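S.K.: With mature numbering (1 follows the signal peptide of the UniProt record, and there is no 0) applied, the sequence shown covers -18 to -1, 1 to 711.
Glycine is no exception: its CB is placed at the ideal position from the N, C-alpha and C atoms.
Predicted model only: the values in this text are computed from it and were never measured.
Here it is, the structure in full.
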Amino acid sequence: STVIFAFFLINCESLVNCVPCGGVFMLLSTHAFISGVLLCSLIVSDGGKEVLSMHQVLLYLLRSSKPLVPEEEIADMLQWEELEWQKYAEECKGMIVTNPGMKPSSVRIDQLDREQFNPDVITFPIIVHFGIRPAQLSYAGDPQYQKLWKSYVKLRHLLANSPKVKQIDKQKLTQREEALQKIRQKNTMRREVTVELSSQGFWKTGIRSDVCQHAMMLPVLTHHIRYHQCLMHLDKLIGYVFKERCLLQLAMTHPSHHLNFGMNPDHARNSLSNCGIRQPKYGDRKVHHMYMRKKGINTLINIMSRLGQDDPSPSRINHNERLEFLGDAVVEFLTSVHLYYLFPSLEEGGLATYRTAIVQNQHLAMLAKKLELDRFMLYAHGPDLCRESDLRHAMANCFEALIGAVYLEGGLDEARQLFGRLLFNTENLRDVWLNFPPHPLQVQEPQTDRQLIETSPVLQKLTSFEDSIGVLFTHVRLLARAFTLRTVGFNHLTLGHNQRMEFLGDSIMQLVATEYLFIHFPDHHEGHLTLLRSSLVNNRTQAKVAEELGMQDFAITNDKTKRPVALRTKTLADLLESFIAALYIDKDLEYVHTFMNVCFFPRLKEFILNQDWNDPKSQLQQCCLTLRTEGKEPDIPLYKTLQTVGPSHARTYTVAVYFKGERIGCGKGPSIQQAEMGAAMDALEKYNFPQMAHQKRFIERKYRQELKEMRRERERQEKETDEAEECRK
């Protein structure tokens, strides 16, 4: 078939004084009509270059098209001296020759031999081609090999985490390794194949293997151009034109998608094997999967041990899961903000119900259908997305990724406009959604309410909190509302308690934390980013920040004695989230970014070095799973409540954790969940888990200096705290 020429960027190194630099040509064959690129330059006397005309290129192809071994010259060629034959064979080495009608029609010459086994019969020289058998037909695609390889890797991992390795287990591992090697060495399973063909009927093409190697990029290039032409139609549907086109493509790329050679990638792979460079050096092959792997405890520890980048860095993960992670937070934030303002009298339970209805995947898939995203999504054509439910779920994720991409490039207002246009078809409803009224406290005093401080002891007390954080609220009653607990009845100062604000503040913190993690942790997948975010915005961290800022001293309660009240962790966390909401309503999102940059994000380094991104229960389960025995169900930790004391409103639970029938830890807490966490933490400290020891050694080796500095800082803080306590006494 002559179609192979259509893919060639012809290398004209064999022409005198010619070097390749690319160009355009078109060939019509029985198989395809393809535009290629072929520009050549001619070195002229003054050292400059000029483009060769197309007829010169075609003349070269025509002159090169001649038999590899002419039948009338074969007798003379067989009489050549060895040196002369070697020179001719060396010229042919790496050349592409073709034999129309054969399959495959074209092949690369790796060696040309002229052995004559029968002196009475003249035979054509032999073309020797060193090929590669497809992976599916070699040991890599053999089901028996794959099954044995999985069992070998599993046993190796179990032995690496076993506290004491038995001799019989070592023998098992050696036997499996030998069995794998035996399969690899089978002739029918080896990937390297030597093919010998008679040179009779083969014609020279003038093309060499390096040209084929570059030419096979044309299907990928054609797909890229066609796809981005299609994305121009998506721009019109969205109502926004992306300046960074690759960002839009990334939002449309499903994790299952892999760039290949079009609808028939096997044909392209065969062409590369038959006609491409025999042993191409592509560089480090790990780059294709080193940023894509996310399964396994070792991969988890490796990725989660990486500190954030100081400056924003592009990610090398080439699918839309990270954008979906960001877009999910943007959609939840937009929905929460608009519902909060549009329904000022609705409690947080009703707001959460409405938000769930809007952000659920079923509804987002409907919005994705409005944009016809199923026509633009890039995904593998396999069984994964054949079911309608799976495809709709992927469309919902793609929609969130698109919102995340719009937010990254166009900002929050552009994402808000797009979401509003898709939610409502009529202009009136869209205007209501987009142009929501201000907060009721802002409606009462449009300019400012700080004049009320003189007559309100509650507001007067809050001014000292404003001084401590360096923020002066325009509407200070918003701050008072944020610090008003649920137990306080309705009053005209705050017009209610802080639970609605807590609902809004949670979404605001999720968005700000998500954006920061997305930008500064480019090598983390969605699941890894979720773990980091959970460590940042959980109740424990929020309560700690609230205590450090002294928010408990400003909480507005119904206690008339005005004595200091010990607030629970959840209540302190709610205070902080409500404060975040008040800060956003009174100022803007930039203030929240600054607040979290100071009070939250610096803690990430400590979380990573101490591995606090993983809660104790999850960490204990992971350590227990690494001790499983081959062929048996893995043992998991079991929690049992031993004791419950105290009244219903102030109970203390005692929980023990057991592993393989042995009690390995015990903990107490105001709830069963907190007691279980304490028991898990106790078990991790007392029980000798090899995985835990490995993780600690890994962090120690990687961040020895950082850990020393962190310990010194902690000792300094403890010393200052002790000195302050002594002074207070």
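Check whether the stretch 474 to 490 and the stretch 547 to 565 touch, using three or more Cβ-Cβ pairs below 8 Å as the test.
M.R.: Yes, the stretch 474 to 490 is in contact with the stretch 547 to 565.
S.K.: Using the rule of at least 16 other Cβ atoms within 10 Å of the residue's Cβ for burial, across every protein chain shown, is residue 286 buried or exposed?
M.R.: Residue mapping note: residue 286 aligns to position 304 of the sequence shown, counting from 1. So residue 286 ends up on the buried side.
S.K.: Measuring only the C-alpha atoms, how far is residue 568 from residue 385?
M.R.: As a position in the sequence shown, residue 568 is number 586, starting the count at 1. As a position in the sequence shown, residue 385 is number 403, starting the count at 1. Going by the C-alpha atoms only, they are around 26 Å apart.
S.K.: What are the boundary residues of the beta strand (DSSP E) that includes residue 77?
M.R.: Here residue 77 refers to the residue found at position 95 when the sequence shown is read from its first residue. From DSSP, the beta strand (DSSP E) with residue 77 extends over 77 to 80.
S.K.: If I'm right that residue 343 touches residue 375 with Cβ under 8 Å, what's the distance once you round it to whole angstroms?
M.R.: Numbered from 1 along the sequence shown, position 361 holds the residue referred to as residue 343. Numbered from 1 along the sequence shown, position 393 holds the residue referred to as residue 375. About 6 Å; that satisfies the 8 Å criterion.
S.K.: According to DSSP, is residue 537 helix, strand or coil?
M.R.: In the sequence shown, counting from the first residue as 1, residue 537 sits at position 555. In this structure, residue 537 counts as coil in the three-state DSSP scheme.
S.K.: What would DSSP say about residue 93, mapped onto helix, strand or coil?
M.R.: Working through the sequence shown from its first residue, we reach residue 93 at position 111. Strand at residue 93.
S.K.: Exposed or buried, what is residue 535 when buried is set at 16 or more other beta-carbons lying within 10 Å of its beta-carbon?
M.R.: By 1-based counting over the sequence shown, the position of residue 535 is 553. That one is exposed.
S.K.: Per DSSP, what kind of secondary structure is residue 701 in: helix, strand or coil?
M.R.: In the sequence shown, residue 701 corresponds to position 719, counting from 1. In the structure shown, residue 701 sits in a helix (DSSP, three-state: H, G or I).
S.K.: Looking only at DSSP bridge pairs, what is residue 178 linked to?
M.R.: Indexing the sequence shown from 1 puts residue 178 at position 196. Answer by DSSP bridge pairing, in chain order: 110.
S.K.: Helix, strand or coil for residue 439? Go by DSSP, reduced to three states.
M.R.: Here residue 439 is taken as the residue at index 457 of the sequence shown, counted from 1. Three-state DSSP puts residue 439 in a helix.
S.K.: Assuming the contact rule is C-beta atoms closer than 8 Å, residue 290 and residue 383 should be a hit. Round their C-beta distance to whole Å, please.
M.R.: Against the sequence shown, residue 290 aligns to sequence position 308. Against the sequence shown, residue 383 aligns to sequence position 401. Actually they are not in contact, since the Cβ atoms of residue 290 and residue 383 sit about 22 Å apart, beyond 8 Å.
S.K.: Assign residue 223 to one of two classes, buried (16 or more other C-beta atoms within 10 Å of its C-beta) or exposed (fewer than that).
M.R.: The residue labelled residue 223 in the question sits at position 241 within the sequence shown. By the neighbour-count rule (16 or more Cβ atoms within 10 Å), residue 223 is not buried but exposed.
S.K.: Leaving aside the five residues before and after residue 660 along the sequence, list all residues of the same chain whose C-beta is less than 7 Å from its C-beta, in chain order.
M.R.: As a first step, residue 660 is located in the sequence shown; it is residue number 678 there, counting from the start. Excluding positions up to five away in sequence, the list reads 649, 650 and 651.
S.K.: Would you give the residue range spanned by the alpha helix (DSSP H) that residue 158 belongs to?
M.R.: Counted from its first residue, the sequence shown places residue 158 at position 176. Segment 149 to 166, the alpha helix (DSSP H) holding residue 158.
S.K.: Return the chain-ordered list of same chain residues with a C-beta closer than 6 Å to the C-beta of residue 669, the five sequence neighbours on each side being excluded.
M.R.: Start at 1 with the first residue of the sequence shown, and residue 669 comes out as number 687. For residue 669, where only same-chain residues beyond five positions count, the Cβ hits under 6 Å are 646.
S.K.: According to DSSP, is residue 46 part of a helix, a strand, or is it coil?
M.R.: Translated into positions along the sequence shown, residue 46 becomes position 64. Helix.
S.K.: Whose CA, out of 578, 585, 619 and 466, lies closest to the CA of residue 549?
M.R.: The residue you call residue 549 lines up with position 567 of the sequence shown. Checked all of 578, 585, 619 and 466; the closest Cα to residue 549 is 466.
S.K.: Taking the beta carbon of residue 643 as the centre, do at least 16 other beta carbons fall within 10 Å, making it buried, or is it exposed?
M.R.: For the purposes of this step, residue 643 is taken as residue 661 along the sequence shown, with counting starting at 1. Residue 643 should be labelled exposed.
S.K.: According to DSSP, which residues form a beta bridge with residue 235?
M.R.: Mapped onto the sequence shown, residue 235 falls at position 253. Note: residue 235 sits in a beta bridge opposite 360.
S.K.: How is the beta strand (DSSP E) around residue 190 delimited, first residue to last?
M.R.: For the purposes of this step, residue 190 is taken as residue 208 along the sequence shown, with counting starting at 1. Run containing residue 190: 185 to 190, per the beta strand (DSSP E) assignment.
S.K.: So, residue 236 versus residue 389, is the Cβ gap smaller than 8 Å?
M.R.: Start at 1 with the first residue of the sequence shown, and residue 236 comes out as number 254. Start at 1 with the first residue of the sequence shown, and residue 389 comes out as number 407. Going by C-beta atoms, residue 236 is not nearer than 8 Å to residue 389.
S.K.: Let me know the secondary structure DSSP gives residue 622 once reduced to three states.
M.R.: Along the sequence shown, one-based indexing puts residue 622 at 640. Here residue 622 sits in strand by DSSP.
S.K.: What would DSSP say about residue 646, mapped onto helix, strand or coil?
M.R.: Numbered from 1 along the sequence shown, position 664 holds the residue referred to as residue 646. Residue 646: strand per DSSP, three-state reduction.
S.K.: Beta-carbon within less than 8 Å of residue 138's beta-carbon, same chain only, minus the 5 sequence neighbours each way: which residues are those?
M.R.: Stepping through the sequence shown from its first residue, residue 138 is reached at position 156. Excluding positions up to five away in sequence, the list reads 155.
S.K.: Thinking residue 528 and residue 554 are a contact (beta carbons under 8 Å), I'd like their distance in whole angstroms, please.
M.R.: Residue mapping note: residue 528 aligns to position 546 of the sequence shown, counting from 1. Residue mapping note: residue 554 aligns to position 572 of the sequence shown, counting from 1. With a Cβ gap of about 4 Å, residue 528 and residue 554 count as contacting.
S.K.: Would you give the residue range spanned by the beta strand (DSSP E) that residue 635 belongs to?
M.R.: For the purposes of this step, residue 635 is identified with residue 653 of the sequence shown, where counting begins at 1. Counting along the chain, the beta strand (DSSP E) containing residue 635 begins and ends at 634 to 641.
S.K.: Taking the CB atoms as reference points, tell me whether residue 438 and residue 532 lie closer together than 8 Å.
M.R.: In the sequence shown, residue 438 corresponds to position 456, counting from 1. In the sequence shown, residue 532 corresponds to position 550, counting from 1. Contact flag unset, no.
S.K.: For the alpha helix (DSSP H) that contains residue 84, what are its first and last residues?
M.R.: By one-based count along the sequence shown, residue 84 stands at place 102. Careful: residue 84 lies outside any alpha helix (DSSP H) and carries neither H nor E.
S.K.: Around the Cβ of residue 37, are there at least 16 other Cβ atoms within 10 angstroms (buried) or fewer (exposed)?
M.R.: The residue labelled residue 37 in the question sits at position 55 within the sequence shown. Exposed: under 16 other Cβ atoms inside 10 Å.
S.K.: What does the alpha-carbon distance come out to for the pair residue 502 and residue 709?
M.R.: For this step, residue 502 is matched to residue 520 along the sequence shown. For this step, residue 709 is matched to residue 727 along the sequence shown. The alpha-carbon atoms of residue 502 and residue 709 are separated by roughly 41 Å.
S.K.: Between the alpha carbons of residue 598 and residue 592, how many angstroms are there, rounded?
M.R.: Mapped onto the sequence shown, residue 598 falls at position 616. Mapped onto the sequence shown, residue 592 falls at position 610. Near 12 Å, if we compare the C-alpha coordinates of residue 592 and residue 598.
S.K.: Just the Cα atoms here: how many angstroms apart are residue 336 and residue 434?
M.R.: Stepping through the sequence shown from its first residue, residue 336 is reached at position 354. Stepping through the sequence shown from its first residue, residue 434 is reached at position 452. Roughly 35 Å separates the two Cα atoms.
S.K.: Just the Cα atoms here: how many angstroms apart are residue 600 and residue 524?
M.R.: One-based indexing of the sequence shown puts residue 600 at position 618. One-based indexing of the sequence shown puts residue 524 at position 542. Cα-Cα distance, rounded: 21 Å.
S.K.: Among 105, 141 and 432, whose alpha-carbon lies nearest the alpha-carbon of residue 610?
M.R.: If you number the sequence shown from 1, residue 610 lands on position 628. Answer by Cα proximity: 141.
S.K.: Looking at residue 604: is its Cβ nearer than 8 Å to the Cβ of residue 618?
M.R.: Start at 1 with the first residue of the sequence shown, and residue 604 comes out as number 622. Start at 1 with the first residue of the sequence shown, and residue 618 comes out as number 636. Against a cut-off of 8 Å, the Cβ pair of residue 618 and residue 604 comes out as no contact.
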